[in-house]
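Trainee: Sending over a structure as structure tokens; questions will come in a sec.
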Amino acid sequence: YLLLGRWRKKHLTFRILNLPSSISSYKARAALLQAFRYWSNVAPLTFREVQAGWADIRLSFHGRQSPTCSNTFDGPGKVLAHADIPELGSVHFDEDEFWTEGTYRGVNLRIIAAHELGHALGLGHSRYTQALMAPVYAGYRPYFKLHPDDVAGIQALYGKKTPETEDEEEEMEVPIVSPVPIEPGPMPNPCSSELDAMMLGPHGKTYAFKGDYVWTVTNTGLGPLFRISALWEGLPGNLDAAVYSPRTQWIHFFKGNKVWRYINFRMAPGFPKKLNRVEPNLDAALYWPLNQKVFLFKGSGYWQWDELAQTDFSRYPKPIKELFTGVPDQPSAAMSWRDGRVYFFKGKEYWRLNRQLRVEKGYPQNIARNWMHCRPQTPVTNPSFGATTSSTTDTTLESTPSAMAPTLNQEHSPTDSIVDTILSATD
Amino acid sequence: RALGPAEEKAAVDYLLQYGYLQKPLEVPDDFSPEDIMEALRAFQEASELPVSGQLDEATKARMRQPRCGLEDPFNQKTLK
């Protein structure tokens, strides 16, 4: 690596002045935000977006003419982008390139942006042709990550990312989550709302979705309600269904005729996609560990989907009642849970199914009482959890860490630090 | 095959633009063949190409690859 300069501060602001026309602004923004994360994941740097006024780092697109840059571009190909070294902060992309994301065609905006941000942070070109900071674009790589030489260079400038600096950043850090100007819907009451979706997510955490909000459900109480988009950036509220597959580590969210895929809290490139082989406006989804398939539900029918194989849906939807004995049509949510059973939720009730996918005796039961800890003050035995608790109707945060406390992957990004806050609070 | 003047000029422009050749302050632009060979060798080595000092097809192809507009610090002489 080569060091060309450095910023005297580590908490930088950035502003996106314009975007290319060859890619949706949503995807372009996601690509640029991810480009920042590559660096903030490995060095004690934070980047906060500002929508107006001055910013330390300013990203823009121009072509052969530019009122502000003497270094004009040369049309498609050849020079793709350039950037000034610290502490100047301008990062320019050639607007005549075919900027793309999630495909081998064109020029990948996320990778080029990460390279140029390397310059804007003080790195020169690397001798390693496979390093991000190599001068020549090495093409789209779906599971791109920084080369050790890139990491060594940025850490030579700003040091390693250590727990102390992460703690320090927690106070300082404003996540790279651009202020979504959409006003959230009304905050739901977990005790009286019909659920949009339920999901047993990564690290064994149970998530309940309603409107624009999500909360975790634990044996000892409910987590705080958070806006869905604060956790899963780019995901809308009022979801139809949510399902996590331990087989692929993918989380799929469904709404209308679209599907979103996340890995933990990061959207997979190329998503959201259009739902075109199953019906839109699904009711629920679940992953069944016994055959490692995802089941999608709508009305009285279901689809069985193998995430890793080309599934022939021509014989679907099939009647739910044929396979899930005793459950209602049009469920509002469904999930396979940690106890090896399958749960269906509808209205204020839920059904528990055994391993033969048959509803067990004594069901349906009340969701608010048995899942959402919404019960009268007097202590009751809770058949679902087998414990006697006397919780209140408001969401009390327990201090007892859950055995399933998640160990988020080491690469913390600002969004993950939001998650840290949630998960530690919840636990 | 002898190089056309346009090809040679394009190559010299590339080597100049990306820091493999240094525009000398005191003498006019034309570079000695040794300067150009040394610059080509530095570029070929950094590009993991056979180091010949000649402007061969592989070197010209590499020069056509899309890239970043900043200079490369790979010619120790110009880097100094």
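Chains A and B supply the protein sequences, listed in that same order.
In terms of our numbering, the first sequence is residues -6 to 420.
In terms of our numbering, the second sequence is residues 146 to 225.
Quick reminder that beta carbons are idealized off the backbone N, C-alpha and C, glycines included.
Once you ignore the five residues that flank B/E216 on each side, which residues in its own chain have a CB closer than 8 Å to its CB?
Mentor: Contacts found: Q162, Y163, G164.
Trainee: For the candidate residues A/A201, A/S222, A/L224, whose alpha-carbon lies nearest to that of A/G214?
Mentor: For the residues A/A201, A/S222, A/L224, the minimum Cα distance to A/G214 belongs to A/A201.
Trainee: Just list the residues that DSSP pairs A/K153 with in beta bridges.
Mentor: BP columns for A/K153 are empty, so no partner.
Trainee: Taking 8 Å as the cut-off, does the segment 319 to 337 of chain A touch the segment 301 to 310 of chain A (at least 3 CB pairs, one atom from each stretch)?
Mentor: No, because fewer than three Cβ pairs between the segment 301 to 310 of chain A and the segment 319 to 337 of chain A fall closer than 8 Å, the two stretches do not touch.
Trainee: May I ask you to verify whether the segment 124 to 139 of chain A touches the segment 46 to 59 of chain A, counting CB pairs closer than 8 Å and requiring at least 3?
Mentor: No, because fewer than three Cβ pairs between the segment 124 to 139 of chain A and the segment 46 to 59 of chain A fall closer than 8 Å, the two stretches do not touch.
Trainee: What residues from chain B crowd round A/H112, counting only those whose CB sits closer than 9 Å?
Mentor: Those within 9 Å of A/H112 in chain B are C213, L215.
Trainee: Along chain A, which residues have their Cβ under 8 Å away from the Cβ of B/F219?
Mentor: Correct list: H118, R120.
Trainee: With a Cβ-Cβ cutoff of 9 Å, do A/G82 and A/F66 count as a contact?
Mentor: No.
Trainee: Run through the DSSP bridge pairs and tell me what A/A74 is partnered with.
Mentor: Paired residue(s): A/F86, B/C213.
Trainee: Specify, as a first and last residue, the run of the beta strand (DSSP E) that A/G111 falls within.
Mentor: Counting along the chain, A/G111 falls outside any beta strand (DSSP E), though it belongs to the alpha helix (DSSP H) covering 102 to 113.
Trainee: For A/Q123, which residues in the same chain have their Cβ closer than 7 Å to its Cβ, ignoring the five residues on either side in sequence?
Mentor: Excluding sequence neighbours, A/Q123 sits near A131, H140.
Trainee: For B/E152, decide whether its Cβ has a neighbour in chain A, counting only Cβ atoms nearer than 9 Å.
Mentor: No, B/E152 does not count as interfacial toward chain A.
Trainee: I'd like to know whether the C-beta of A/L(-5) is nearer than 9 Å to at least one C-beta of chain B.
Mentor: A/L(-5) counts as touching chain B.
Trainee: In terms of alpha-carbon separation, which member of A/R22, A/L(-3), A/E353 lies closest to A/R8?
Mentor: Answer by Cα proximity: A/R22.
Trainee: Hey, how far is the Cα of B/A187 from the Cα of B/F219?
Mentor: Distance between the alpha carbons of B/A187 and B/F219: 6 Å.
Trainee: For A/K291, which beta-bridge partners are listed by DSSP?
Mentor: Paired residue(s): A/G294.
Trainee: Identify, in the order they occur along the chain, each residue of the same chain with its Cβ nearer than 6 Å to the Cβ of A/W344, setting aside the five sequence neighbours on each side.
Mentor: So the qualifying residues of the chain are V320, F337, V352, Y356, P357.
Trainee: Going straight from the alpha carbon of A/T241 to that of B/E153, what length do you get?
Mentor: The straight-line gap from Cα to Cα measures roughly 53 Å.
Trainee: Which residue wins for smallest C-alpha separation from A/G95, given the options A/Y136, A/W0, A/D87?
Mentor: When each option's Cα is compared against that of A/G95, the closest is A/Y136.
Trainee: Would you grab the beta carbon distance between A/E422 and A/P13 for me? Rounded to a whole angstrom, and I think it's under 8 Å.
Mentor: Since the first and last residues shown for chain A are -6 and 420, residue 422 of chain A lies out of range.
Trainee: Which whole-angstrom value describes the C-beta separation of A/A278 and A/F258, a residue pair presumed to lie in contact below a C-beta threshold of 8 Å?
Mentor: Contact doesn't hold; Cβ gap of about 19 Å is too wide.
Trainee: Starting from A/V352, trace the beta strand (DSSP E) in both directions and tell me its first and last residue.
Mentor: Run containing A/V352: none; DSSP gives neither H nor E here.
Trainee: What is the DSSP secondary structure of A/S325, counted as helix, strand or coil?
Mentor: The answer is coil: DSSP assigns A/S325 none of H, G, I, E or B.
Trainee: Nearest-angstrom Cα distance between A/T209 and A/G340?
Mentor: Distance between the alpha carbons of A/T209 and A/G340: 19 Å.
Trainee: If we ignore side chains and look at the alpha-carbon of each, how far apart do B/A191 and A/R120 end up?
Mentor: The straight-line gap from Cα to Cα measures roughly 6 Å.
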